[in-house]
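Going by the numbering used here, the first residue of the sequence shown is number 3, and it counts up by one from there. Backbone N, C-alpha and C define an ideal beta-carbon position, used for all residues, glycine too. Here is the structure we will look at.
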Amino acid sequence: MKKVVVASILGASLFGVNTGISHAADCPQSQNVQVQQDQSNADINKLIESLKKQGFDVQAQNVEQKQQQAPAKEKTQAAPKQEQQKTSEAPKSDAAAGQLTADEKQMVDKVNQEREKAGVKPLQVDMELTKMARVKAQDMIDNNYFDHNSPKYGSPFDMMKQFGIQYQTAGENIAGNSSVDGAHTSLMNSQGHRENILKSDYTKVGIGIVDGGKYGKMFVQEFTG
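Below, the structure written as structure tokens:
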């Protein structure tokens, strides 16, 4: 009886189909690829039966090994997808950090309510100004001072330049208090601070409120126009 080895040829064919399935596992075409694999198996079986009828001793053991190895490759290629999903979730925390705190939002609302009562357009929140205000508030707590001029950053206008903030007119209010209501009342009862809050030339605001210091909370309001 003649002996013919067809395992390497058939194995290569199966390997090619399985590779296609692995690549297509994440796309709508995966079902169609699976049908092609089933058809290839049927063709291979027909070929083996035909060769046997002609008296050939067909060695096809490696075909099964290739079929068993293919799913392992599919699992290996599927792993990066899980890692990619974990990575894509990371920006969620960055988005949360870009929002106002409850205290900051409350104070923005109070400022704009005062402007509305005075017939002045409301201020738009600028997150770059907000970041700067938070840094200034934290700096006053960390370095135990209460002043418009920071020993580290200089004047509010020096600080705006360092943060890349552009303006035609600008101002700053600072306060130390245990609550938003208390700080807002104190600012509105001071002529200079009140004028900053109601100034029509200002169009943007950044408010930073940080817990800490001898007052309980440190408040910084940055205005630009």
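8 Å contact criterion, which residue i and residue j should meet: CB distance rounded
| i | j | result |
| --- | --- | --- |
| methionine 220 | methionine 142 | 5 Å |
| asparagine 145 | lysine 154 | 7 Å |
Residue of the options minimising C-alpha distance to residue i
| i | options | result |
| --- | --- | --- |
| alanine 139 | Gly227, Val122, Gly218 | Gly218 |
| asparagine 175 | Gln101, Thr226, Gly166 | Thr226 |
| threonine 103 | Lys133, Glu118, Pro158 | Lys133 |
| glutamine 115 | Leu200, Lys216, Ile211, Gly215 | Leu200 |
| isoleucine 211 | Gly121, Lys119, Leu131 | Leu131 |
| alanine 120 | Glu197, Ala135, Asp105, Lys107 | Glu197 |
| glutamate 224 | Gly215, Asp183, Arg136 | Arg136 |
| serine 157 | Gln168, Tyr169, Gly173 | Gly173 |
| valine 192 | Ala177, Phe165, Asn146 | The residue you asked about is not valine; residue 192 is serine in the sequence shown. Out of Ala177, Phe165, Asn146, Ala177 has the C-alpha closest to the C-alpha of serine 192. |
Residue i - DSSP class collapsed to helix/strand/coil
| i | result |
| --- | --- |
| phenylalanine 148 | coil |
| valine 122 | coil |
| glycine 227 | coil |
| isoleucine 167 | coil |
| lysine 112 | helix |
| lysine 138 | helix |
Opening and closing residue of the beta strand (DSSP E) in which residue i lies
| i | result |
| --- | --- |
| isoleucine 209 | 206 to 213 |
| glycine 173 | 172 to 179 |
Endpoints, the alpha helix (DSSP H) within which residue i is located
| i | result |
| --- | --- |
| alanine 185 | 182 to 190 |
| glycine 255 | It is not possible to answer for residue 255, since the shown part of the chain is limited to 3 through 227. |
Test: residue i CB closer than 9 Å to a CB of chain D
| i | result |
| --- | --- |
| glycine 184 | In summary, chain D is missing from the structure at hand, where a single protein chain is found. |
For the segment 149 to 162 and the segment 182 to 195, state whether three or more C-beta atom pairs, one from each stretch, are separated by less than 8 Å. no
Under 8 Å: do the segment 119 to 135 and the segment 205 to 213 share three or more Cβ pairs, one atom per stretch? yes
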